[in-house]
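**Student:** For the sequence shown, this note's numbering assigns the number 5 to the initial residue and increments by one for each residue that follows.
For each residue, glycine too, the CB sits at the ideal point set by N, CA and C.
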Amino acid sequence: PWFGNLQVRMRWENLENTLFVEGFVENATGQNVRNNRSVGSAILGTPIYASFQPPRTWGIRIGASY
Numbered sequence: 005p006w007f008g009n010l011q012v013r014m015r016w017e018n019l020e021n022t023l024f025v026e027g028f029v030e031n032a033t034g035q036n037v038r039n040n041r042s043v044g045s046a047i048l049g050t051p052i053y054a055s056f057q058p059p060r061t062w063g064i065r066i067g068a069s070y
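(1) If you pair each beta-carbon of the segment 40–54 with each one of the segment 19–30, do three or more pairs fall below 8 Å?
(2) Mapping DSSP to helix, strand and coil, what is Ile47?
(3) Please look up how many angstroms separate the CB atoms of Ile37 and Gln11, rounded, as I've assumed it's under 8 Å.
(4) Do you know offhand how far Ile66's Cα is from Gly49's?
(5) Spatial neighbours of Met14 within its chain, please: C-beta separation below 8 Å, excluding the five flanking residues on both sides.
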């Protein structure tokens, strides 16, 4: 697994900073990125535990402030 995560964001704001549109891609490479891993004792039967970051996600955010 990879040990890094590429996130890409692009944001537009109007001159008054009251409106914005943002596009994003998280985990842009689509690789399995491991957060952590824990290895227990084989004698005691403790399992190996690992967690991974979410898969590639993307979206658009639109917002306003007043």
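**Tutor:** Working from what's here:
(1) no
(2) coil
(3) Note that residue 37 corresponds to Val in the displayed sequence, not to Ile. Between Gln11 and Val37 the Cβ distance is about 11 Å, and since that is not below 8 Å, they are no contact.
(4) 50 Å
(5) Glu26, Gly27 and Phe28
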